[in-house]
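Encoded as structure tokens, the structure appears first; notes follow it.
There are 2 protein chains.
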Amino acid sequence: MDSAQGLHARVLDSLGPAITAGEYPPGSVLRTDELEERFDVSRTVIREVIRVLESMHLVTSRRRVGVTVLAPEEWNVYDPRVIRWRLAGPDRPRQLRSLTVLRSAVEPVAAGLAARLATPEQCAELTEHALGMVATSRGQQLQRYLVHDIAFHRVILRASGNEMFARLGDVVAEVLTGRTHHQVMFTDPDPAAVTLHVRVAEAVRERDAERAEALTREIASGAMAELDVLAP
Amino acid sequence: MDSAQGLHARVLDSLGPAITAGEYPPGSVLRTDELEERFDVSRTVIREVIRVLESMHLVTSRRRVGVTVLAPEEWNVYDPRVIRWRLAGPDRPRQLRSLTVLRSAVEPVAAGLAARLATPEQCAELTEHALGMVATSRGQQLQRYLVHDIAFHRVILRASGNEMFARLGDVVAEVLTGRTHHQVMFTDPDPAAVTLHVRVAEAVRERDAERAEALTREIASGAMAELDVLAP
DNA sequence: CGACGCGATTAAGTATGACGTTTTAGTCAC
DNA sequence: GTGACTAAAACGTCATACTTAATCGCGTCG
Numbered sequence: 001m002d003s004a005q006g007l008h009a010r011v012l013d014s015l016g017p018a019i020t021a022g023e024y025p026p027g028s029v030l031r032t033d034e035l036e037e038r039f040d041v042s043r044t045v046i047r048e049v050i051r052v053l054e055s056m057h058l059v060t061s062r063r064r065v066g067v068t069v070l071a072p073e074e075w076n077v078y079d080p081r082v083i084r085w086r087l088a089g090p091d092r093p094r095q096l097r098s099l100t101v102l103r104s105a106v107e108p109v110a111a112g113l114a115a116r117l118a119t120p121e122q123c124a125e126l127t128e129h130a131l132g133m134v135a136t137s138r139g140q141q142l143q144r145y146l147v148h149d150i151a152f153h154r155v156i157l158r159a160s161g162n163e164m165f166a167r168l169g170d171v172v173a174e175v176l177t178g179r180t181h182h183q184v185m186f187t188d189p190d191p192a193a194v195t196l197h198v199r200v201a202e203a204v205r206e207r208d209a210e211r212a213e214a215l216t217r218e219i220a221s222g223a224m225a226e227l228d229v230l231a232p
Numbered sequence: 001m002d003s004a005q006g007l008h009a010r011v012l013d014s015l016g017p018a019i020t021a022g023e024y025p026p027g028s029v030l031r032t033d034e035l036e037e038r039f040d041v042s043r044t045v046i047r048e049v050i051r052v053l054e055s056m057h058l059v060t061s062r063r064r065v066g067v068t069v070l071a072p073e074e075w076n077v078y079d080p081r082v083i084r085w086r087l088a089g090p091d092r093p094r095q096l097r098s099l100t101v102l103r104s105a106v107e108p109v110a111a112g113l114a115a116r117l118a119t120p121e122q123c124a125e126l127t128e129h130a131l132g133m134v135a136t137s138r139g140q141q142l143q144r145y146l147v148h149d150i151a152f153h154r155v156i157l158r159a160s161g162n163e164m165f166a167r168l169g170d171v172v173a174e175v176l177t178g179r180t181h182h183q184v185m186f187t188d189p190d191p192a193a194v195t196l197h198v199r200v201a202e203a204v205r206e207r208d209a210e211r212a213e214a215l216t217r218e219i220a221s222g223a224m225a226e227l228d229v230l231a232p
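Note that the protein sequences, when read in sequence, are chains A and B.
Residues 1 to 232 in the UniProt record's numbering are what the first sequence lists, from first letter to last.
Residues 1 to 232 in the UniProt record's numbering are what the second sequence lists, from first letter to last.
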């Protein structure tokens with residue numbers, strides 16, 4: 001997933017998760033030359049990493065003091081990398097909850113907008129993926145089901161015409177992927193959820209914003225309920 | 001607002017807005033040594049700036065090619081700085097629209113959650129700021145009104161107990177501030193909106209989630225309507 | 001005895017030159 | 001015309017020297 005093509009990327013993908021995992025409690029101080037030695041890279045690389053972490057508000061760098069780890073409330077929790085790191089760490093349940101609540105707020109509104117704004121092509125994509133979900137919802141084809149599920153939600157968010165909603169596509173993908181991979185999900189997807197997706201596609205196709213929004217709200221409720229079962 | 005305490009910060013606050021303003025169309029290529037000369041700083045500084053811009057997905061850096069400006073769809077539109085830059089540039093109307101739609105999706109849900117989870121202290125703060133809004137809603141006290149308005153929405157978002165909602169406090173503040181400063185708002189705030197805020201505070205205090213959510217939806221509708229008047 | 005201030009120290013910030021690495025493009029041979 | 005090989009261009013990394021600002025401690029003054 002993380003290609004880590006450069007040295008700084010490698011260091012970042014090591015240090016970032018460590019911070020979001022709470023290995024360095026807020027207020028901890030890191031010194032650049034210490035990190036230099038720890039990762040066996042030059043100062044250039046460390047400084048670039050620090051700058052990026054700083055831009056995520058994970059740390060703050062002050063002269064004569066060092067690089068201080070910030071409190072979680074300061075973090076840029078919308079940064080896709082921060083989300084991914086937290087999903088991979090001990091904060092995972094809490095993060096999943098936050099994201100699911102966010103989804104439950106955004107996706108219904110997005111679906112309503114999509115019903116008004118979706119292009120014929122997007123309607124077609126939506127239907128296609130909904131049917132794809134139906135087709136792969138039985139017989140341990142979770143992997144392929146997931147692809148359609150993600151694509152479906154992506155299209156909804158994109159079709160809403162709101163760039164900020166569209167950008168949440170990655171977040172939703174992360175959540176759905178996480179659900180499939182990390183969680184014990186031996187059983188096939190809930191048939192009710194599958195049906196709901198089909199009906200959302202229908203509502204959007206028929207430009208019925210109210211219904212699209214209401215149905216998506218149901219999907220979101222389902223996701224919340226599922227969360228109560230699977231996350232502490 | 002931007003203190004720009006370091007060289008890299010200064011360069012960033014010059015290059016970032018230029019990119020989000022579309023001065024460098026997607027696909028444009030910047031070379032580091034060219035930037036070095038343009039800003040009269042060392043490679044160290046330029047490289048750090050590039051790394052941060054890269055982390056915002058504003059640009060991508062490839063060997064033998066240079067630093068390529070990415071398409072707006074790629075941008076991390078949730079990064080507070082990107083939001084600020086876009087609000088300050090020609091993309092402002094579009095950005096305001098996106099943010100207001102986002103608010104209209106999130107804030108009602110946040111208010112509903114706040115009604116269930118707000119601490120007594122937060123309830124008190126809410127009431128205080130609602131009353132503050134009432135007190136300053138007449139007689140050209142926009143500046144002081146704004147403070148209470150921002151604080152009110154911040155408390156709602158924070159009281160929702162969702163860290164991702166809480167993080168939108170800055171965004172809302174940016175939008176509300178922008179409305180007051182950039183727009184021609186000679187008239188006093190809409191009395192209906194003020195009343196709605198008071199009633200939301202009431203609903204939260206009485207733990208009436210449904211009502212808090214519905215009332216906040218009305219506030220959001222108002223903001224959307226106001227936008228139709230003021231943004232192209 | 002306490003408060004204020006000045007200097008010394010420390011760690012980040014900046015500059016610079018050298019070298020490595022990757023990717024593209026151009027050329028030459030077949 | 002196609003292939004491979006080479007050369008150049010731009011970023012990536014390293015090492016080092018120097019600058020700047022913040023903090024700590026010591027000393028002086030009130």
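Here a beta-carbon is modelled for each residue, glycine too, at the ideal position from N, C-alpha and C.
On a predicted model such as this, the values are computed, not experimentally measured, just so you know.
Going by DSSP, name the residue or residues bridged to residue i.
i	result
Ser61(B)	Val67(B)
Val29(A)	Thr68(A)
Between the C-alpha atoms of residue i and residue j, what's the straight-line distance to the nearest angstrom?
i	j	result
Asn162(B)	Asp33(B)	44 Å
Glu37(B)	Asp91(B)	28 Å
Ala124(B)	Glu125(A)	49 Å
residue 307(A)	Ala115(B)	Since the displayed chain A opens at 1 and closes at 232, residue 307(A) lies outside it and no answer follows.
Pro80(B)	Asp208(A)	34 Å
Arg144(A)	Thr136(A)	7 Å
Ser160(B)	Arg211(A)	27 Å
Ala225(A)	Glu54(A)	36 Å
Gly6(B)	Leu117(A)	45 Å
Tyr156(A)	Val49(A)	Note that residue 156(A) corresponds to Ile in the displayed sequence, not to Tyr. The straight-line gap from Cα to Cα measures roughly 35 Å.
Ala173(B)	Thr180(B)	11 Å
Val229(A)	Ala193(A)	16 Å
Arg94(A)	Arg84(A)	13 Å
Leu146(B)	Val204(B)	21 Å
Pro189(B)	Arg43(B)	50 Å
Leu131(A)	Glu121(A)	15 Å
Asp40(A)	Ser14(A)	13 Å
Pro191(A)	Ala105(B)	28 Å
Val198(B)	His148(B)	12 Å
How many whole angstroms separate the CB atoms of residue i and residue j, which I take to be in contact at a CB cut-off of 8 Å?
i	j	result
Val67(B)	Pro25(B)	Their Cβ separation, rounded to whole angstroms, is 14 Å, which puts Val67(B) and Pro25(B) out of contact at 8 Å.
Val45(B)	Val82(B)	Contact flag wrong, Cβ pair sits at about 20 Å.
Gly169(A)	His153(A)	7 Å
Val175(B)	Thr119(B)	With 8 Å as the limit, Val175(B) and Thr119(B) do not qualify as a contact, their Cβ atoms being about 26 Å apart.
Val200(B)	Thr187(B)	Going by Cβ atoms, the distance from Val200(B) to Thr187(B) rounds to 22 Å, so no, they are not a contact pair.
Leu96(A)	Leu227(A)	6 Å
Met133(B)	Ser98(A)	Not a contact, Cβ separation roughly 29 Å.
Trp75(B)	Leu102(B)	Actually they do not touch by this definition, with Cβ atoms about 15 Å apart.
Ala166(A)	Arg158(A)	5 Å
Val52(A)	Arg51(B)	6 Å
Glu218(A)	Leu196(A)	6 Å
Residue i CB to nearest chain A CB: under 8 Å?
i	result
Arg154(B)	no
Met224(B)	no
Arg167(B)	yes
Val172(B)	no
Ser98(B)	yes
Ser55(B)	yes
Arg47(B)	yes
Val59(B)	no
Glu163(B)	yes
Val101(B)	yes
When you compare the CB of residue i with every CB in chain B, is at least one pair closer than 8 Å?
i	result
Val52(A)	yes
Leu8(A)	Before going further, note that residue 8(A) is His rather than Leu in the sequence given. Chain B, which has a Cβ nearer than 8 Å to the Cβ of His8(A), makes this yes.
Arg217(A)	no
Glu213(A)	no
Val11(A)	no
Leu176(A)	no
Ser104(A)	yes
Arg84(A)	no
Taking 7 Å as the line, does the beta carbon of residue i fall inside it for any heavy atom of the ligand NAD?
i	result
Ala151(B)	This structure simply doesn't include the ligand NAD, nor any ligand for that matter.
(request) Could you please tell me which residues of the region 63-79 of chain B, in chain order, have their CB closer than 9 Å to any CB of chain A? (result) Pro72, Glu73, Trp75, Asn76, Val77, Tyr78, Asp79
(request) Check distances from the C-beta atoms of the region 106-133 of chain B to those of chain A and list, in chain order, the residues that come in under 7 Å. (result) Val106, Val109
(request) Taking a Cβ distance cut-off of 7 Å, strictly less, list which residues of the region 188-201 of chain A are near chain B, in chain order. (result) none
(request) May I ask you to list, following chain order, the residues of the region 10-42 of chain B that have a beta carbon less than 8 Å from some beta carbon of chain A? (result) none
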